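Working notes for the structure below.
In the numbering used here, the protein residues as written are 90 to 231.
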């Protein structure tokens, strides 16, 4: 008797949770990351129009990975909606790190909702990235 095959093709080709790096909205910037993106093709930079490496079709609100399967999650600029943050929490393995980077301006807190859903961040800082001030928050999930 054969074991039932997972109908999700990406679930069959992703590495184990001990190594899985997921870039939500990613286009191949981080080596070895699986890039969750509804679009198959890069949209900016010199490789615009080329296929996204390690492409995982989907959106942050419905991540096509098993619960507890991701060790590191990166979210840069992708909107942080409640459903997306709940999905991040669902797919995060115990002890997973979540790195959020979003535009910051005085008096704003782009990660307020993330703190409500993911818990207190391990570290928060401001950085300048391509002439834009971003708030970087790192969470370590239980």
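All C-beta atoms, glycine included, are put in the ideal place defined by N, C-alpha and C. All values reported here derive from a predicted model rather than from experimental measurement.
DSSP-derived helix/strand/coil call for residue i
i: residue 165; result: strand
i: residue 213; result: strand
i: residue 177; result: helix
i: residue 113; result: strand
i: residue 95; result: Low per-residue confidence applies at residue 95: pLDDT is 41, beneath 50, and the placement is therefore not dependable, though the value from the model is reported in the following sentence. If DSSP states are grouped into helix, strand and coil, residue 95 belongs with coil.
i: residue 156; result: coil
i: residue 195; result: coil
i: residue 183; result: strand
i: residue 90; result: Annotation note: pLDDT 38 at residue 90 (below 50); position unreliable, no value reported.
i: residue 88; result: Summary: the structure shown does not reach residue 88, with the chain confined to residues 90 through 231, and so no result is reported for it.
Proximity below 7 Å, CB of residue i to CB of residue j
i: residue 150; j: residue 172; result: yes
i: residue 142; j: residue 115; result: no
i: residue 227; j: residue 202; result: no
i: residue 74; j: residue 193; result: Since the first residue shown for the chain is 90 and the last is 231, residue 74 is missing from the structure and cannot be characterised.
i: residue 229; j: residue 211; result: yes
i: residue 180; j: residue 206; result: no
Cβ neighbour criterion (16 or more within 10 Å) applied to residue i
i: residue 167; result: buried
i: residue 196; result: exposed
i: residue 217; result: exposed
i: residue 198; result: exposed
i: residue 139; result: exposed
Endpoints, the alpha helix (DSSP H) within which residue i is located
i: residue 145; result: Run containing residue 145: none in the alpha helix (DSSP H); it sits in the beta strand (DSSP E), 144-146.
i: residue 202; result: 201-207
Start and end residues, beta strand (DSSP E) containing residue i
i: residue 123; result: 123-126
i: residue 136; result: First-last for residue 136: undefined, no H or E at that position.
i: residue 229; result: 221-229
Within-7 Å CB hit, residue i to chain B
i: residue 187; result: Any reference to chain B falls outside this structure, which holds one protein chain only.
Original post:
Touching or not, the stretch 127-138 and the stretch 153-168, by the rule of three or more beta carbon pairs under 8 Å?
Top reply: Contact between the stretch 127-138 and the stretch 153-168 is absent, because fewer than three Cβ pairs lie under 8 Å.
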